[in-house]
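Residue numbers (the UniProt record's numbering): 1 to 157.
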């Protein structure tokens with residue numbers, strides 16, 4: 001089994017790159033020799049993209065205002081002017097991507113979490129009396145929430 005070699009050392013990295021370059025050179029040489037032995041009708045030579053680039057540059061210069069030396073009379077007509085703006089009030093339409101209005105009951109996942117045997121924040125463990133709570137704001141909040149708990153009715157499905 002081969003051990004893993006770390007190439008964090010710049011000299012090792014340079015050596016690895018050099019070996020890779022030599023390997024690619026050898027394969028290119030073999031490939032070129034193989035292509036040279038093939039009949040001419042089976043080999044096509046890559047012309048590169050220079051011709052395509054030149055034609056693209058020529059077209060863009062003609063379209064973009066003859067900056068590339070094209071004749072000044074070609075492509076000078078831009079077409080008809082844009083239509084005038086619509087007068088009056090355009091009625092708004094509701095998009096299908098808008099969020100629908102919230103239902104009166106929470107989603108099922110939240111309902112399940114609410115129905116589990118969990119005590120609300122206002123529950124005082126060990127039966128603490130409201131007199132033992134020092135903060136008057138907290139005492140008001142706990143008593144108010146305790147009264148709200150008694151009045152809350154779960155919606156029936």
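The beta carbon of each residue, even a glycine, is placed where N, CA and C say it ideally should be.
Quiz item: According to DSSP, is residue 62 helix, strand or coil?
Solution: Looking up residue 62 in the chain shown gives position 62. Residue 62 falls in the helix class under three-state DSSP.
Exercise. From the DSSP output, in three-state form, read off residue 89 for me.
Key: Start at 1 with the first residue of the chain shown, and residue 89 comes out as number 89. Three-state result, residue 89: coil.
Quiz item: Is residue 135 helix, strand or coil by DSSP?
Solution: Within the chain shown, numbered from 1, the residue matching residue 135 stands at position 135. Three-state result, residue 135: coil.
Self-check item: residue 12 in three-state terms, based on DSSP
Solution: Counting from 1 along the chain shown, the entry for residue 12 is found at position 12. Helix, per DSSP.
Self-check item: C-alpha gap between residue 15 and residue 33, whole angstroms
Solution: Residue mapping note: residue 15 aligns to position 15 of the chain shown, counting from 1. Residue mapping note: residue 33 aligns to position 33 of the chain shown, counting from 1. Cα to Cα, the separation comes out at about 27 Å.
Quiz item: Per DSSP, what kind of secondary structure is residue 142 in: helix, strand or coil?
Solution: As a working mapping, residue 142 is identified with position 142 in the chain shown. DSSP places residue 142 in helix when its eight states are reduced to three.
Quiz item: Would you call residue 142 buried or exposed, if buried means 16 or more other Cβ atoms sit within 10 Å of its Cβ?
Solution: Start at 1 with the first residue of the chain shown, and residue 142 comes out as number 142. Residue 142 is buried by the Cβ-count criterion.
Quiz item: Taking residue 62 as the reference, which of 78, 51 and 140 has the closest Cα?
Solution: For the purposes of this step, residue 62 is taken as the residue at position 62 of the chain shown. With distances taken between Cα atoms, residue 62 lies closest to 78.
Quiz item: Under a Cβ-count criterion, where at least 16 other Cβ atoms within 10 Å of its own Cβ denotes burial, should residue 73 be classed as buried or exposed?
Solution: For the purposes of this step, residue 73 is taken as the residue at position 73 of the chain shown. In this prediction, residue 73 has a pLDDT of 49, which is less than 50 and means its spatial position is unreliable; what the coordinates show is noted afterwards. It is exposed - the Cβ of residue 73 has fewer than 16 other Cβ atoms within 10 Å.
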